[in-house]
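A.B. asks: Heads up: the first sequence is residues 3 to 265, going by this note's numbering. Just so you know, even glycine gets a beta-carbon here, dropped at the ideal spot from N, CA and C. Below is one structure. I have some questions about it.
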Amino acid sequence: MPELPEVETVVRRLRRPLVGRTITAVRATWANSVPTGIPHLQRALPKRKILSLNRRGKYLKFDLSGGYYLFIHLKMSGDLEIEGQSEAPHPHDRTVFQLDNKKELRFRDPRKFGRVYLVKDESRVTGKLGPEPLTIEEDSFLNLFKGKKGRLKPLLLNQEFIVGIGNIYADESCFEAGIHPKRKVQTLKKEELQRLLKAIKQILGKAIKFNGSTFDFVYRGGGFQNHFKVYDRKDEPCKRCKTPIKRIILGSRSTHFCPKCQS
DNA sequence: CTAAAATCCTGGTGGC
DNA sequence: TGCCACCAGGATTTTA
């Protein structure tokens with residue numbers, strides 16, 4: 003469930019302790035977690051220095067010495083922890099990066115959806131991704147919708163259209179903009195799209211301030227879940243008008259909205 | 001072309 | 001209390 007704000011929170015937490023460190027060894031226990039191959043990781047990663055750590059969409063991007071990039075996608079249940087090499091390993095540790103300071107970066111992922119990629123050509127991982135919602139200009143955002151069809155929410159979830167927005171923040175953004183998630187995008191007026199971009203930036207920004215949302219048993223984020231206005235609030239009163247929040251399935255995703263405030 | 005469904009996964013939940 | 005079917009969901013792949 004980690005979306006843009008949660009990944010951003012993880013990146014900010016890890017940047018200081020990781021940048022400048024050198025990877026000394028790699029352990030990995032689940033082959034599907036590493037599409038570019040565990041042996042490749044173990045061969046190519048040792049002695050590489052972490053030059054920088056950033057976020058691209060929902061990916062963590064490690065810039066390494068020697069022209070390599072390490073990408074990690076947390077998907078549903080992934081999390082990253084820095085712990086001492088002597089600390090007991092966790093049963094859900096899938097890939098562990100040993101560091102040159104007696105510590106290690108542990109990629110913990112109960113549901114095994116998360117992925118680790120080691121590449122020299124970063125476009126192999128991020129080549130098809132859409133623009134970043136926090137920095138996109140209004141004109142570019144409006145242009146994204148030219149010639150697009152379908153319902154609004156599935157488009158917002160499409161990472162080739164725009165990155166970083168997942169099920170929670172799509173619902174919250176639609177509510178904040180007062181737009182029904184089922185609206186056909188061709189019918190959206192310029193003024194509505196302007197409102198939508200403002201809503202997206204506001205919601206994502208606020209979620210980052212709260213260090214993201216804490217989800218179920220796995221992901222330890224921040225406190226934004228206490229500020230949800232529609233997500234996971236089926237039948238509860240709308241914070242704006244008291245009308246019960248509705249839950250439908252849209253694009254095979256649970257979708258929450260206020261039938262009165264959103265049209 | 002679009003859209004929906006299946007796929008990968010496991011801990012939590014609700015029903016009995 | 002115990003068992004079990006079912007659900008959640010990001011992104012990709014398959015089917016309609």
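By Cβ distance below 7 Å, which residues in the same chain neighbour His94 in space, the five residues on each side in sequence not counted?
C.D. replies: Excluding sequence neighbours, His94 sits near Arg110, Asp111 and Pro112.
A.B. asks: Using a Cβ-Cβ cut-off of 8 Å (strictly less than) and excluding sequence neighbours within five positions of Arg242, which residues of its own chain qualify?
C.D. replies: Here the set comprises Lys231, Cys260 and Cys263.
A.B. asks: Tell me whether Glu238 sits in a helix, a strand or coil according to DSSP, three-state version.
C.D. replies: Note: Glu238 maps to coil in three-state DSSP.
A.B. asks: With 16 as the cutoff for other CB atoms within 10 Å, does Arg14 come out buried or exposed?
C.D. replies: Exposed: under 16 other Cβ atoms inside 10 Å.
A.B. asks: Mark Arg126 as exposed unless 16 or more other C-beta atoms lie within 10 angstroms of its C-beta, in which case mark it buried.
C.D. replies: So Arg126 ends up on the exposed side.
A.B. asks: Which value, in whole angstroms, describes the spacing of the CA atoms of Val9 and Leu16?
C.D. replies: Rounded to whole angstroms, Val9 to Leu16 spans 11 Å at the Cα level.
A.B. asks: Helix, strand or coil for Gln100, going by three-state DSSP, please let me know.
C.D. replies: Note: Gln100 maps to strand in three-state DSSP.
A.B. asks: Roughly how many whole angstroms lie between the Cα atoms of Pro48 and Asp123?
C.D. replies: Taking the straight line from one Cα to the other gives about 19 Å.
A.B. asks: Taking the Cβ atom as the reference point for each residue, do Ile74 and Val118 lie within a distance shorter than 8 Å?
C.D. replies: Cβ distance < 8 Å, so Ile74 and Val118 count as in contact.
A.B. asks: Check whether the Cβ atoms of Arg50 and Thr24 lie closer than 8 Å to each other.
C.D. replies: The answer is yes: Cβ separation under 8 Å.
A.B. asks: Can you tell me the Cα-Cα spacing of Arg29 and Ser142, whole angstroms?
C.D. replies: In a straight line, the C-alpha of Arg29 is about 43 Å away from that of Ser142.
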